[in-house]
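Following: one structure in structure tokens, then a few remarks.
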Amino acid sequence: MTHSVAILGASGYTGAELVRLIATHPGMRIVALSGERKAGQPMAAVFPHLRHLDLPDLVRIEEIDFAAVDLCFCALPHATSQEVIRALPRSLKIVDLSADFRLRDPAAYEKWYGKPHAAPELQAEAVYGLTEFYRDEIRAARLVAGTGCNAAAGQYALVPLIRAGVIDLDDIAIDLKAGVSGAGRALKENLLHAELSEGFHAYAVGGTHRHLGEFDQEFSKAAGRRVEVQFTPHLIPANRGILATCWLKGDPQAIHSALAMAYEDETFLQVLPFGEHPSTRHVRGANFVHLGVVGDRRPGRAVVFAALDNLTKGSSGQALQNANLMLGIAEETGLMLAPCFP
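Here the sequence shown stands for residues 21 to 362, numbered as in the working numbering.
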């Protein structure tokens with residue numbers, strides 16, 4: 021059976037990544053693509069690397085016939101998805117890639133995003149989309165909220181350790197490096213080549229990054245009590261990739277064993293042998309996460325690493341993995357592409 025899907029916001033990086041992944045998916049067919057500023061243009065004009073594909077032209081959302089769509093990917097900017105999804109048919113399955121439905125508490129959303137939630141009735145039914153931790157809920161969901169890419173990297177490194185009780189919950193620091201595509205495709209002065217290349221810098225320093233809302237929510241749920249971590253992200257002069265480095269207090273071998281046990285049956289989560297650490301270049305363009313554990317020179321301390329591609333496993337690949345579950349398709353379908361190296 022082939023399912024008809026639409027992609028809203030197809031003129032952005034995550035929209036284009038969805039098209040790339042779905043292009044060879046045997047169970048999905050793209051029937052509609054929206055791009056408000058690019059409406060009326062063919063995808064080949066917006067993304068020449070997709071010119072070999074037979075795709076519908078970009079249109080405005082109101083021009084799409086959703087009666088002919090089984091599932092909709094919503095890759096729109098934050099605060100836009102709430103209003104758009106509220107107006108979509110209730111029969112439509114939706115995977116949202118924005119931040120609009122990630123935080124279960126509307127008050128937390130207002131705190132981190134600076135405005136009241138516009139669709140709290142939909143928030144109540146949304147399922148958090150970190151696939152490996154919410155697989156059963158996602159399978160039965162109508163609306164799935166994709167995670168933040170930084171938030172996904174940190175959670176893959178830490179949630180199993182919190183659940184297993186092998187680390188000190190009051191001594192967690194996450195240092196994260198992220199490629200520039202995570203900031204979106206809109207023109208921004210600080211993302212110009214002359215501003216970004218030949219260096220990297222920290223941003224959202226001191227606990228102001230919005231993905232901390234997801235860390236607070238998910239780490240506290242895993243622990244059964246309030247957990248707050250130190251988190252500093254950095255922007256690096258690379259197009260893709262996230263590397264999270266987590267400094268922890270706990271026995272390194274026990275930490276490695278807990279990760280290996282948690283992910284032993286997970287296709288996309290690869291735990292490296294003890295003492296090895298991953299690189300973003302080894303997951304580029306793929307839906308895999310590489311995790312590593314290294315002992316610190318100080319006894320009872322460890323460093324845990326997680327590397328993923330922010331556009332694939334951190335966003336569009338995760339969205340497709342969730343959509344497969346929602347449509348009753350084998351979870352790995354369309355996602356077994358090997359990383360692109362070098």
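The beta carbon of each residue, even a glycine, is placed where N, CA and C say it ideally should be.
- Less than 8 Å divides the Cβ of residue 105 from the Cβ of residue 116.
- Cβ contact annotation for residue 200 (same chain, cutoff 8 Å, sequence separation greater than five): 211, 216, 255, 256, 257, 258 and 259, in chain order.
- For the pair residue 81 and residue 118, the CB atoms are not nearer than the 8 Å cut-off.
- Counting only residues of its own chain and dropping the five nearest sequence neighbours on each side, residue 245 has a CB closer than 8 Å to the CB of 189.
- With distances taken between CA atoms, residue 311 lies nearest to 327 out of 300, 327, 305 and 321.
- With a beta-carbon spacing of about 20 Å, residue 356 and residue 159 fall beyond the 8 Å limit used to define contacts.
- With contacts defined by Cβ atoms closer than 8 Å, residue 264 and residue 320 do not form a contacting pair.
- Residues 294, 313, 314, 315, 316, 321 and 322 of the same chain have their beta carbon placed closer than 8 Å to that of residue 272, with the five preceding and five following residues left out of the count.
- When the beta-carbon positions are compared, residue 229 and residue 253 come within less than 8 Å of each other.
- Taking C-beta separations shorter than 7 Å and ignoring five residues to either side along the sequence, the partners of residue 150 in its chain run 167, 172 and 175, following chain order.
- Nearest C-alpha to residue 362 among 77, 234, 304 and 56: 304.
- For residue 33, the closest alpha carbon among the candidates 202, 286, 349 and 71 is that of 202.
- In summary, residue 300 is buried, with 16 or more beta-carbon neighbours lying within 10 Å of its beta-carbon over all protein chains present.
- The three-state reading of DSSP puts residue 250 in strand, counting E and B together.
- Just measuring C-alpha positions, the residue of 237, 192 and 135 sitting nearest residue 124 is 237.
- The beta strand (DSSP E) runs of length 3 or more contained entirely in the region 274–354 are, from start to end of the chain, 289–291, 309–315 and 321–328.
- The region 177–197 makes no contact with the region 131–142; the number of CB pairs closer than 8 Å stays below 3.
- In this structure, residue 128 sits near residue 233, with a CB-CB distance shorter than 8 Å.
- DSSP lists 165 as the beta-bridge partner residues of residue 148.
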